[in-house]
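Okay, structure first, notes after.
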Amino acid sequence: MYCIQVEVPQNICEIDDELKAIYHSKDTVCIWVFKTREERNRFMDETAGMLKSERENHYEKYFT
Numbered sequence: 017m018y019c020i021q022v023e024v025p026q027n028i029c030e031i032d033d034e035l036k037a038i039y040h041s042k043d044t045v046c047i048w049v050f051k052t053r054e055e056r057n058r059f060m061d062e063t064a065g066m067l068k069s070e071r072e073n074h075y076e077k078y079f080t
């Protein structure tokens, strides 16, 4: 396991983990938040293998 210490804003900590999808690269961590667990799971299935920018576009188009 790898742990990187950061100060995560409290409002993000308060969101149910099953409603969050997390992406990371060597210099970025993104947290997408969904209304339901089903939406989160659909996002994960639909964006498997996508680049960060493609995931961002997909989220904007289908989940906001």
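Residue numbers (this note's numbering): 17 to 80.
Yeah, the Cβ is synthetic: ideal placement off N, Cα and C, and Gly gets one too.
query                                                                                              : result
From ARG53, GLU54, ALA64, VAL49, residue whose alpha carbon lies closest to that of TYR76          : Note that residue 76 is Glu in the sequence shown here, rather than Tyr. Answer by Cα proximity: VAL49.
Stretch pair the stretch 60–73 + the stretch 23–31: three plus CB contacts closer than 8 angstroms : no
Closest by C-alpha distance to CYS19, when choosing among MET60, HIS40, ARG53, PHE59               : HIS40
Beta-bridge partners of ILE47, as assigned by DSSP                                                 : ILE38
CYS19 - DSSP class collapsed to helix/strand/coil                                                  : coil
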